[in-house]
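Chemist:
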Amino acid sequence: MKTKRNFVALMTKSLYIVWTLLLVAILSIIINRDYSYAEYIAKQEAIASVNKDIAYRQWVSSHGGVYVPVNKRTQPNKYLSNIKDRDFKAINKEFTLMNPAYTLTQMMHDYSKLYGVKTKITSSRLLNPANKADMWEILALDKIDSTRKNYTEVSYIGDKEYLRLMSPLVTTISCLKCHAYQGYQVGDIRGGISVSIPMKPLYDDAFKNSILIAGLFFLIWLVGVLSISFFTNKIYKYLDEKEELYEEYIYGLVSVVEKRDTYTAGHSTRVADYAEKIAKEMGYSEYDCHIIHRAGMLHDIGKVAIPDSVFLKPTKLSSREYSLIKEHVVIGYDMLKDISIFDDIKEIVRDHHEHYDGSGYPRGLIGEDTPILAQILSLTDSFDAMTTDRVYKGRKSVEEALQEMISLSGKQFNPKIVQAALVSLKDVIIDHTKQQNPKTLLEKERFSHFYKDLLTGVHNEAYLRSNIYNLDKCSFAVWISLNNFHNYNKQNGWAKGDEVLQKIANSIMYSCKNDARVYRFYGDNFLVLLDNQNEIDELKINVDKIVKENNLRYKISVAALADTDIQTMEGLEDVIKKLF
Ligand SMILES: [Fe+2]
Ligand SMILES: [Fe+2]
Numbered sequence: 000m001k002t003k004r005n006f007v008a009l010m011t012k013s014l015y016i017v018w019t020l021l022l023v024a025i026l027s028i029i030i031n032r033d034y035s036y037a038e039y040i041a042k043q044e045a046i047a048s049v050n051k052d053i054a055y056r057q058w059v060s061s062h063g064g065v066y067v068p069v070n071k072r073t074q075p076n077k078y079l080s081n082i083k084d085r086d087f088k089a090i091n092k093e094f095t096l097m098n099p100a101y102t103l104t105q106m107m108h109d110y111s112k113l114y115g116v117k118t119k120i121t122s123s124r125l126l127n128p129a130n131k132a133d134m135w136e137i138l139a140l141d142k143i144d145s146t147r148k149n150y151t152e153v154s155y156i157g158d159k160e161y162l163r164l165m166s167p168l169v170t171t172i173s174c175l176k177c178h179a180y181q182g183y184q185v186g187d188i189r190g191g192i193s194v195s196i197p198m199k200p201l202y203d204d205a206f207k208n209s210i211l212i213a214g215l216f217f218l219i220w221l222v223g224v225l226s227i228s229f230f231t232n233k234i235y236k237y238l239d240e241k242e243e244l245y246e247e248y249i250y251g252l253v254s255v256v257e258k259r260d261t262y263t264a265g266h267s268t269r270v271a272d273y274a275e276k277i278a279k280e281m282g283y284s285e286y287d288c289h290i291i292h293r294a295g296m297l298h299d300i301g302k303v304a305i306p307d308s309v310f311l312k313p314t315k316l317s318s319r320e321y322s323l324i325k326e327h328v329v330i331g332y333d334m335l336k337d338i339s340i341f342d343d344i345k346e347i348v349r350d351h352h353e354h355y356d357g358s359g360y361p362r363g364l365i366g367e368d369t370p371i372l373a374q375i376l377s378l379t380d381s382f383d384a385m386t387t388d389r390v391y392k393g394r395k396s397v398e399e400a401l402q403e404m405i406s407l408s409g410k411q412f413n414p415k416i417v418q419a420a421l422v423s424l425k426d427v428i429i430d431h432t433k434q435q436n437p438k439t440l441l442e443k444e445r446f447s448h449f450y451k452d453l454l455t456g457v458h459n460e461a462y463l464r465s466n467i468y469n470l471d472k473c474s475f476a477v478w479i480s481l482n483n484f485h486n487y488n489k490q491n492g493w494a495k496g497d498e499v500l501q502k503i504a505n506s507i508m509y510s511c512k513n514d515a516r517v518y519r520f521y522g523d524n525f526l527v528l529l530d531n532q533n534e535i536d537e538l539k540i541n542v543d544k545i546v547k548e549n550n551l552r553y554k555i556s557v558a559a560l561a562d563t564d565i566q567t568m569e570g571l572e573d574v575i576k577k578l579f
């Protein structure tokens with residue numbers, strides 16, 4: 000589940016980044032195009048201006064220049080002094096020749112402000128020094144000289160940006176009138192027309208446009224981010240619901256084990272709680288603590304597949320039975336391995352019986368080869384087994400159990416985990432009311448395989464053994480011993496003998512308020528635990544009747560239990576022996 004959340008978080012982050020980068024890239028392309036378009040417009044304007052100038056020049060040139068009246072502004076051009084009919088007089092007025100360069104220069108000087116375009120004719124071999132090329136124009140003249148094509152560039156004049164264009168000025172026949180003496184021939188590049196378009200107004204328009212588009216893109220970006228966030232929240236909500244379902248599923252599975260055995264149910268919860276405490280003490284993340292708790296709840300889930308005859312057996316297991324029990328780790332793993340929601344815990348479940356020194360199962364992993372959370376669970380599993388009452392094994396106190404953990408440190412358990420357990424488990428309170436004994440009718444019936452005498456239906460010795468520490472809650476122990484029942488069987492047959500035993504057992508149960516306290520011992524003996532004298536009297540009457548009806552002899556003895564402290568079968572045996 001964490002992996003999925005991490006994946007969603009990663010995907011969300013990636014989507015935010017990709018979405019932002021995508022829009023920034025598109026926006027920068029659009030803005031760049033706007034500025035490029037501004038330069039394109041400027042270039043078109045420059046070309047139009049040059050074409051107009053060329054047309055104008057050609058018109059003037061095609062007429063061999065124009066004669067205009069001489070005045071203060073238009074004086075005879077000293078650079079045309081080589082032309083013999085440069086000036087003439089008519090109608091009392093002096094006229095002088097203006098060639099294309101002269102007319103254009105004057106027009107540019109007088110009217111350039113009208114359309115804001117700076118234009119000039121320049122050349123590397125000038126007639127008029129006033130048309131001297133600036134630095135950019137020198138470079139541009141060089142370029143057009145080799146390419147014979149227009150050369151454009153955005154460049155600074157002073158501190159202002161201009162689109163600058165240099166258009167080649169090609170010598171025509173009409174040009175030779177003024178320039179032949181310079182050695183030019185038709186087709187030669189004689190210089191260039193330099194045009195400079197101010198970029199500021201165009202760039203200002205592009206900037207305004209960019210702000211508008213950027214605002215629009217911001218809105219698109221915002222809608223995208225909100226959509227991603229909306230769908231991410233939907234996914235998280237789905238994962239939350241899945242997780243809730245997962246929790247319910249886990250507790251449902253745990254309840255399956257609980258219903259089979261009350262001892263195991265408490266065991267799973269305790270093991271989970273202890274493991275979480277240790278994980279916290281060791282500084283594991285909240286998530287890891289959560290995971291180990293879940294793993295603890297399910298660690299013995301594989302035991303559902305273990306037969307009742309082994310799983311519920313109240314006495315010590317044989318080695319064959321133990322090897323069957325060992326299979327619960329792999330069975331548990333197999334149950335969980337194909338369900339994705341258990342991905343985080345399946346290996347912990349499989350490895351919770353591995354030992355630090357490699358003596359565990361199922362794989363005999365050594366040291367840190369076992370996942371650390373499984374190592375923690377291994378310790379708490381044992382700790383709970385040590386501190387819980389079992390029929391075949393007395394429970395240890397918390398202190399004793401922790402001492403045993405120390406003695407097993409580096410062998411069965413990871414020393415680091417033992418150290419953490421000493422801190423985190425030292426104050427746990429063990430609930431001693433939890434016992435393995437069946438309580439409900441269903442539980443009793445489930446355990447009948449182990450606890451009931453199949454012939455008479457009363458309990459057997461094993462059940463007494465499991466309850467031995469409860470004897471101090473009873474006032475009297477009544478021992479009923481049939482004499483020479485062996486001979487009765489011989490004379491009347493086994494079937495008749497069994498029938499009598501059943502009748503006696505029924506009469507005993509009939510006399511007792513609590514039939515759970517009637518036990519058959521060694522074939523022809525019964526032990527009955529009672530609380531008052533009236534019950535004993537009624538019991539004697541009922542048993543006496545059956546025994547006499549069948550010509551049997553018996554002995555009935557009563558021992559007071561009030562002041563005894565019987566904790567073992569041997570202790571009980573001593574009390575009963577004293578009755579004879
Ligand atoms: Fe286990
Ligand atoms: Fe366990």
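Quick note: the sequence shown, position 405, residue 404 per numbering that gives the first Met the number 0, numbers continuous.
A virtual CB, placed ideally from N, CA and C, is assigned to each residue, including glycine.
1) Per DSSP, what kind of secondary structure is ASP84 in: helix, strand or coil?
2) Classify PRO128: buried if its beta carbon has 16 or more other beta carbons within 10 angstroms, exposed otherwise.
3) Checking 8 Å against the spacing of the C-beta atoms, do VAL303 and LEU323 come in under that value?
4) What alpha helix (DSSP H) runs, 4 residues minimum, are completely inside the stretch 168-196?
5) Any heavy atom of ligand 1 closer than 7 Å to the Cβ of VAL23?
6) Which value, in whole angstroms, describes the spacing of the CA atoms of PHE94 and CYS174?
7) Do ILE416 and ILE375 have their C-beta atoms within less than 8 Å of each other?
8) Taking the alpha helix (DSSP H) that ALA373 belongs to, which residues open and close that run?
9) For SER423, tell me which candidate among ASP141, VAL222, LEU378 has the shortest Cα-Cα distance.
10) Answer yes or no: the CB of ASP380 versus the heavy atoms of ligand 2, is any distance below 7 Å?
11) Kindly examine ligand 2 and report whether one of its heavy atoms sits closer than 7 Å to the Cβ of ASP272.
12) Sorted by chain position, which residues of the same chain lie with C-beta nearer than 6 Å to THR11's C-beta, five sequence neighbours on each side aside?
13) Would you call VAL542 buried or exposed, if buried means 16 or more other Cβ atoms sit within 10 Å of its Cβ?
14) Which residues in the same chain as GLU346 place their Cβ atom closer than 6 Å to its Cβ, once the five residues preceding and following it in sequence are excluded?
15) If you run the structure through DSSP and keep just helix, strand and coil, what is GLU160?
16) Whole angstroms are fine: how far does the CA of THR102 sit from the CA of GLY191?
17) Would you say the beta carbon of ASP350 comes nearer than 7 Å to a heavy atom of ligand 2?
18) Counting only runs of 4+ residues fully inside the stretch 500-577, write out the alpha helix (DSSP H) ranges in chain order.
19) Looking at the unbroken beta strand (DSSP E) that takes in VAL477, where does it start and where does it end?
20) According to DSSP, is SER166 helix, strand or coil?
21) So, with DSSP's three-state summary, where would you put MET97?
22) Just list the alpha helix (DSSP H) runs in the stretch 272-346, keeping only unbroken ones of 4 residues or longer that don't cross its boundaries, in chain order.
23) Please determine, among VAL185, ASP187, ILE196, ILE172, the residue with the shortest C-alpha to C-alpha distance to MET165.
24) With a Cβ-Cβ cutoff of 8 Å, do ILE467 and MET385 count as a contact?
25) If we count Cβ pairs, one from each stretch, closer than 8 Å, do we get three or more for the stretch 78-97 versus the stretch 141-152?
26) When you measure from the CB of HIS298 to every non-hydrogen atom of ligand 2, does any distance come out below 7 Å?
27) Within 10 Å of its beta-carbon, does ALA24 have 16 or more other beta-carbons around it, so buried, or fewer, so exposed?
28) Could you check which residue in PHE484, LEU372, ASP109 has the C-alpha nearest to that of HIS351?
29) List the endpoints of the continuous alpha helix (DSSP H) containing THR231.
30) Can you tell me which of the three DSSP states SER122 falls into?
31) Hey, would you say LYS131 sits closer than 8 Å to LEU125, going by beta carbons?
32) Is DSSP giving PRO68 helix, strand or coil here?
33) Have a look at CYS511 and GLN490 and give me their C-alpha separation to the nearest angstrom.
34) Between VAL546 and ligand 1, is the CB less than 7 Å from at least one heavy atom?
35) Residues in its own chain within less than 8 Å of THR563 by CB, not counting five upstream and five downstream?
Modeler: Reading from the atomic positions:
1) Taking the sequence shown and counting its residues from 1, one reaches residue 84 at position 85. In this structure, ASP84 counts as coil in the three-state DSSP scheme.
2) Taking the sequence shown and counting its residues from 1, the one referred to as residue 128 is at position 129. Counting the other CB atoms within 10 Å of its CB gives PRO128 a total below 16, which places it among the exposed residues.
3) Looking up residue 303 in the sequence shown gives position 304. Looking up residue 323 in the sequence shown gives position 324. Not a contact, by the Cβ cut-off of 8 Å.
4) Taking 4 residues as the minimum length, the alpha helix (DSSP H) runs contained wholly in the stretch 168-196 are 175-178, in order along the chain.
5) The count along the sequence shown starts at 1 and reaches residue 23 at position 24. No; taking the cut-off as 7 Å, the Cβ of VAL23 has no heavy atom of ligand 1 nearer than that.
6) If you number the sequence shown from 1, residue 94 lands on position 95. If you number the sequence shown from 1, residue 174 lands on position 175. The straight-line gap from Cα to Cα measures roughly 21 Å.
7) The count along the sequence shown starts at 1 and reaches residue 416 at position 417. The count along the sequence shown starts at 1 and reaches residue 375 at position 376. Their beta carbons are under 8 Å apart, which means ILE416 touches ILE375 by this criterion.
8) Residue numbering aside, residue 373 sits at position 374 when the sequence shown is read from its first letter. Where ALA373 is concerned, the enclosing alpha helix (DSSP H) stretches over 371-386.
9) Within the sequence shown, the letter at position 424 stands for residue 423. Out of ASP141, VAL222, LEU378, LEU378 has the C-alpha closest to the C-alpha of SER423.
10) One-based indexing of the sequence shown puts residue 380 at position 381. Correct: ASP380 has its Cβ closer than 7 Å to ligand 2.
11) As a working note, residue 272 is residue 273 in the sequence shown. The answer is no for ASP272.
12) Against the sequence shown, residue 11 aligns to sequence position 12. Contacts found: THR231.
13) As a working mapping, residue 542 is identified with position 543 in the sequence shown. By the neighbour-count rule (16 or more Cβ atoms within 10 Å), VAL542 is buried.
14) Residue 346 sits at position 347 when you count from the first residue of the sequence shown. Excluding positions up to five away in sequence, the list reads PRO370.
15) Start at 1 with the first residue of the sequence shown, and residue 160 comes out as number 161. Residue state, collapsed to three classes: strand.
16) As a position in the sequence shown, residue 191 is number 192, starting the count at 1. As a position in the sequence shown, residue 102 is number 103, starting the count at 1. Roughly 16 Å separates the two Cα atoms.
17) Here residue 350 refers to the residue found at position 351 when the sequence shown is read from its first residue. Outside the cutoff, so no.
18) 532-548, 568-576
19) Counting from 1 along the sequence shown, the entry for residue 477 is found at position 478. Segment 475-482, the beta strand (DSSP E) holding VAL477.
20) In the sequence shown, counting from the first residue as 1, residue 166 sits at position 167. Strand at SER166.
21) By one-based count along the sequence shown, residue 97 stands at place 98. Three-state result, MET97: strand.
22) 285-297, 307-310, 318-325, 327-335
23) Along the sequence shown, one-based indexing puts residue 165 at 166. Nearest option by C-alpha distance: ILE196.
24) The residue you call residue 467 lines up with position 468 of the sequence shown. The residue you call residue 385 lines up with position 386 of the sequence shown. Cβ distance not < 8 Å, so ILE467 and MET385 don't count as in contact.
25) Because the criterion of three Cβ pairs below 8 Å is not met, the stretch 78-97 and the stretch 141-152 do not touch.
26) What you label residue 298 is simply residue 299 of the sequence shown in a count that begins at 1. Yes, the beta carbon of HIS298 sits closer than 7 Å to at least one heavy atom of ligand 2.
27) Along the sequence shown, one-based indexing puts residue 24 at 25. When all chains shown are included, ALA24 counts as exposed.
28) Locating residue 351 in the sequence shown gives position 352, where the first residue counts as 1. Taking only the C-alpha atoms, the option nearest HIS351 is LEU372.
29) Indexing the sequence shown from 1 puts residue 231 at position 232. Element bounds for THR231: 199-259.
30) Looking up residue 122 in the sequence shown gives position 123. If DSSP states are grouped into helix, strand and coil, SER122 belongs with coil.
31) Start at 1 with the first residue of the sequence shown, and residue 131 comes out as number 132. Start at 1 with the first residue of the sequence shown, and residue 125 comes out as number 126. Contact: yes.
32) Here residue 68 refers to the residue found at position 69 when the sequence shown is read from its first residue. Reduced to three states, the DSSP call for PRO68 is strand.
33) Locating residue 511 in the sequence shown gives position 512, counting from the first residue. Locating residue 490 in the sequence shown gives position 491, counting from the first residue. Between CYS511 and GLN490, the C-alpha separation is close to 31 Å.
34) Start at 1 with the first residue of the sequence shown, and residue 546 comes out as number 547. Not under cutoff, so the answer is no.
35) Residue 563 sits at position 564 when you count from the first residue of the sequence shown. The residues are LEU470, ASP471, GLY570, VAL574.
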